[in-house]
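Its first residue numbered 693, the sequence shown is counted upward by one per residue in the numbering used here.
For every residue, glycine included, the Cβ atom is placed at its ideal position computed from N, Cα and C.
Contents: one structure, followed by commentary.
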Amino acid sequence: MLEEHIIRITDKIHLQFYRRLFSIIKEREGSLTAMEVFAVEVIHSLGAPTVSEFADFLGISRPGASYKVASLIQKGYIVKEASEDDKREFRLRLTEKYYNYIGLYEDGVREYVREVEEQFTPEQLTSFDGILSKVESKIDEAQPVIRPAEPQE
Numbered sequence: 693m694l695e696e697h698i699i700r701i702t703d704k705i706h707l708q709f710y711r712r713l714f715s716i717i718k719e720r721e722g723s724l725t726a727m728e729v730f731a732v733e734v735i736h737s738l739g740a741p742t743v744s745e746f747a748d749f750l751g752i753s754r755p756g757a758s759y760k761v762a763s764l765i766q767k768g769y770i771v772k773e774a775s776e777d778d779k780r781e782f783r784l785r786l787t788e789k790y791y792n793y794i795g796l797y798e799d800g801v802r803e804y805v806r807e808v809e810e811q812f813t814p815e816q817l818t819s820f821d822g823i824l825s826k827v828e829s830k831i832d833e834a835q836p837v838i839r840p841a842e843p844q845e
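See the structure below:
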């Protein structure tokens, strides 16, 4: 039962995201292809990965990842910034264009969360938050990914 709820909830969130995305993205110069949308969403989820981390996560070659990154840079959705720790290393950062144009997934989730928060008591929300935290930990244990970098201010 829990598994079915989680699958249905994630499916519904994804469908709402795709509906919003396709209503905004038009076929014009500078718009993203479906694969570029997925690539930029992976970069977003990973935090600020290097090209190598991006390639490794997707299981693609570094030249293939570099090609995708170059396209996203050219279209203005990401930039390469020198790492604070190692100036020879470059991190992929999302631009305002991404947040203004594509950052719809989180907006949709925030909308749902606000509605849920209005319907439950603070105690219920605290309990639910604890449950979700444990579910997230289990997912991380089962499928470890690169830890996202702290968001930039």
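Asked	Found
Output the distance between the C-alpha atoms of V761 and N792, rounded to the nearest integer angstrom.	19 Å
Excluding sequence positions up to five away, which residues of its chain have a Cβ less than 8 Å from the Cβ of E781?	T742, A774, S775
I'd like to check one pair, I765 with R785: are the Cβ atoms closer than 8 Å?	no
Name the DSSP bridge partner or partners of E728?	Beta-bridge pairing links E728 to no other residue.
Quick check on Y790: buried or exposed, where buried means 16 or more other Cβ atoms within 10 Å of its Cβ?	buried
Look up K830 in the DSSP assignment and say whether it is helix, strand or coil.	helix
Buried or exposed: where does I846 fall if 16 or more other Cβ atoms within 10 Å of its Cβ makes it buried?	Residue 846 lies beyond the stretch modelled for the chain, which goes from 693 to 845, so this question has no answer here.
Given a threshold of 16 other Cβ atoms within 10 Å of its Cβ, counted over all protein chains shown, does A834 qualify as buried or as exposed?	exposed
For the alpha helix (DSSP H) containing F782, list its first residue and its last residue.	Where F782 is concerned, there is no enclosing alpha helix (DSSP H), although the beta strand (DSSP E) it sits in stretches over 782-786.
For V732, which residues from the same chain have a beta carbon less than 8 Å from its beta carbon, with the 5 sequence-adjacent residues on both sides left out?	L724, L764, Y769, I770, L786, Y790, I794
Do L817 and E810 have their CB atoms nearer than 8 Å?	no
Taking C-alpha atoms, which residue in K704, S829, M727 lies nearest to V801?	K704
Comparing the CB of F812 with every heavy atom of the ligand PLP, is any distance shorter than 7 Å?	Ligands are entirely absent from the displayed structure, and the ligand PLP is therefore not among its contents.
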